[in-house]
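Each residue of the sequence shown is one higher than the last, beginning at 564 in our numbering. Cβ coordinates follow ideal geometry from the N, Cα and C atoms, glycine included. Here the structure comes first, spelled out in structure tokens, and everything after it is commentary.
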Amino acid sequence: MRGFIHILENVFKYLILFLLKMICLGIESTAHTFGAGIVDSEKRVLANIKDSFTTEKGGIVPAKAADHHVEVCDKVINEALETAKLSIKDIDLISFSQAPGIGHCLRIGAFAARSLAMFHNIPIIGVNHCIAHLSIGEMLTGATDPVLLYASGANTQIIAYEGKKYRVFGESLDMGVGNFLDSFARYIGLGFPGGPKIYELALKGKKFIELPYSVKGMDVSFGGLLTNLKQKFDSGKYRVEDLCYSLQETVFAMLVEVSERAMAHCGKNELLLGGGVACNKRLQEMAKEMCKERSAKCFIPENEFLVDNGAMIAWQGILEYSAGKRMSIEESVILPYQRVDEVVVNWKD
Ligand code: AMP
Ligand code: MG
């Protein structure tokens, strides 16, 4: 009998959530950023707060980034609630980035989400971070069936929805483009994140220096290019501004080339940018130019939603929960290596 009442209670709760506006708190913690976003089912972003682990020298040390997340998680979540003028009691759903990412970091977000869900008896749902980038882009820009150029720190992938799944049509065979930029920046004495610093130097570059252009089929790689750049830097024969300018021209051309090929292959005429590297104005310019040439549309969300953020996790939670996906606390384990095509898509079509 108690079981039956429990089922009835749940049915009633879900019915109310379905009929009423749903508010979701999304927690992001795949890598350097701990973010908390609050989004409602009417597509309003009520808060999007983040605090990122940065260093003056060196890259992300997983344990240190996780320590950072532990330190800031209360503050970030509370600030999101204050910004949205809500209390935790107003939250109908808690979503968190379940995959993919650095295990140390993912664990902190999952722990925070689980604690809040259990303590306040709120449903929980874990989502795939890469798909969340695509969904928030669609929600904000009106793109309907885009190819996503996901250019972030750890990930560089060309993702699109085909045959009822998100699929990777091209990707980096070694490091993410952001990690490549950060590695070179670190080598020449700039801090983390290096992408914006390289961008500033590139603006002062005048001369194009030929660099290895590494596109293999639909994939790209940056390792050889990084070694070549380090050698050129060490030789002292080149201006650092010219190296930064040339590396941007080269790697962004590689990314735009494979994006275009994926669009042609899938017969899609929308390109969506996502990931921190997509904040780069030169990459945006090149992507727009390519789209213009093939009469396609180029969608670029605001920087706040390109970088890792909690709002996209919240929106993805709403999409999946509204479509009927449920997750128990036991199921809310982190999946550091999950790929987008492993995700069962229940919210499209
Ligand atoms: P994400 O992992 O998506 O948050 O993106 C982080 C990466 O974006 C880091 O590697 C940064 O160096 C890079 N990034 C941020 N802003 C820019 C920019 N304006 N140009 C190039 N890279 C950038
Ligand atoms: Mg990301």
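Pairwise C-alpha distance: residue 772 and residue 589:
Looking up residue 589 in the sequence shown gives position 26. Looking up residue 772 in the sequence shown gives position 209. So the two alpha carbons sit approximately 44 angstroms from each other.
From this set, 699, 858, 607, which residue's C-alpha is nearest residue 836's C-alpha?
Translated into positions along the sequence shown, residue 836 becomes position 273. Among 699, 858, 607, the Cα nearest to that of residue 836 belongs to 699.
Express the C-alpha separation of residue 841 and residue 847 in angstroms, rounding to a whole number.
In the sequence shown, counting from the first residue as 1, residue 847 sits at position 284. In the sequence shown, counting from the first residue as 1, residue 841 sits at position 278. Distance between the alpha carbons of residue 847 and residue 841 is about 7 angstroms.
Could you tell me whether any non-hydrogen atom of the ligand AMP is closer than 7 angstroms to the CB of residue 829?
By one-based count along the sequence shown, residue 829 stands at place 266. False, no ligand heavy atom lies under 7 angstroms from that Cβ.
Alpha carbon to alpha carbon, how far is residue 802 from residue 690? Give it in angstroms, no decimals.
On the sequence shown, residue 690 is found 127 positions in, with the first residue counted as 1. On the sequence shown, residue 802 is found 239 positions in, with the first residue counted as 1. Taking the straight line from one Cα to the other gives about 44 angstroms.
Quick check on residue 585: does DSSP put it in helix, strand or coil?
Translated into the one-based positions of the sequence shown, residue 585 becomes position 22. Three-state DSSP puts residue 585 in coil, outside helix and strand.
Within 8 angstroms, strictly: CB atoms of residue 901 and residue 662:
If you number the sequence shown from 1, residue 901 lands on position 338. If you number the sequence shown from 1, residue 662 lands on position 99. A contact, by the Cβ cut-off of 8 angstroms.
Tell me whether the beta-carbon of residue 785 lies closer than 8 angstroms to the beta-carbon of residue 732.
As a first step, residue 785 must be located in the sequence shown, where it is residue number 222. As a first step, residue 732 must be located in the sequence shown, where it is residue number 169. Not a contact, by the Cβ cut-off of 8 angstroms.
Let me check understanding here. Comparing Cα to Cα, which of 617, 894, 632 lies closest to residue 597?
Taking the first residue of the sequence shown as position 1, residue 597 is located at position 34. Per the Cα distances, 632.
Identify the continuous beta strand (DSSP E) that holds residue 861 and give its terminal residues.
Position 298 of the sequence shown, counted from the start, is the residue given in the question as residue 861. DSSP places residue 861 in the uninterrupted beta strand (DSSP E) bounded by 860–862.
Identify the continuous alpha helix (DSSP H) that holds residue 700 and give its terminal residues.
Start at 1 with the first residue of the sequence shown, and residue 700 comes out as number 137. Counting along the chain, the alpha helix (DSSP H) containing residue 700 begins and ends at 692–704.
Indicate, with yes or no, if the ligand MG has a heavy atom lying under 7 angstroms from the CB of residue 715.
The residue you call residue 715 lines up with position 152 of the sequence shown. Answer for residue 715: yes, Cβ within range of the ligand MG.
Does the stretch 755–765 come within contact of the stretch 819–835, defined as at least 3 CB pairs closer than 8 angstroms?
no
Counting only the same chain and skipping the five closest in sequence on each side, list residues whose C-beta sits under 7 angstroms from that of residue 867.
Residue 867 sits at position 304 when you count from the first residue of the sequence shown. Correct list, in chain order: 611.
Between residue 758 and the ligand AMP, is there a pair consisting of the residue's CB and a ligand heavy atom that are separated by less than 7 angstroms?
By 1-based counting over the sequence shown, the position of residue 758 is 195. Residue 758: yes, Cβ under 7 angstroms from the ligand AMP.
I need the DSSP call for residue 786, collapsed to helix, strand or coil.
Translated into positions along the sequence shown, residue 786 becomes position 223. DSSP places residue 786 in helix when its eight states are reduced to three.
Cross-strand partners of residue 657 (DSSP beta bridge):
Taking the sequence shown and counting its residues from 1, the one referred to as residue 657 is at position 94. According to DSSP, which records beta bridges pairwise, residue 657 is partnered with 588, 687.
Check: residue 614 C-beta below 7 angstroms from any heavy atom of the ligand AMP:
In the sequence shown, residue 614 corresponds to position 51, counting from 1. No, the ligand AMP has no heavy atom inside 7 angstroms of this Cβ.
If you measure between the beta carbons of residue 747 and residue 757, is that distance less than 8 angstroms?
Taking the first residue of the sequence shown as position 1, residue 747 is located at position 184. Taking the first residue of the sequence shown as position 1, residue 757 is located at position 194. The answer is yes: Cβ separation under 8 angstroms.
Pick helix, strand or coil for residue 646, following the three-state DSSP scheme.
The residue labelled residue 646 in the question sits at position 83 within the sequence shown. Helix at residue 646.
Does the distance between the C-beta of residue 599 and the nearest non-hydrogen atom of the ligand AMP fall short of 7 angstroms?
As a first step, residue 599 must be located in the sequence shown, where it is residue number 36. No, the ligand AMP has no heavy atom inside 7 angstroms of this Cβ.
What are the start and end residues of the alpha helix (DSSP H) that includes residue 803?
Here residue 803 corresponds to residue number 240 of the sequence shown, with the count starting at 1. Residues 803–829.
What would DSSP say about residue 880, mapped onto helix, strand or coil?
Residue numbering aside, residue 880 sits at position 317 when the sequence shown is read from its first letter. Three-state DSSP puts residue 880 in a helix.
In or out: residue 883 buried (at least 16 other Cβ within 10 Å) or exposed?
By 1-based counting over the sequence shown, the position of residue 883 is 320. Result: buried.
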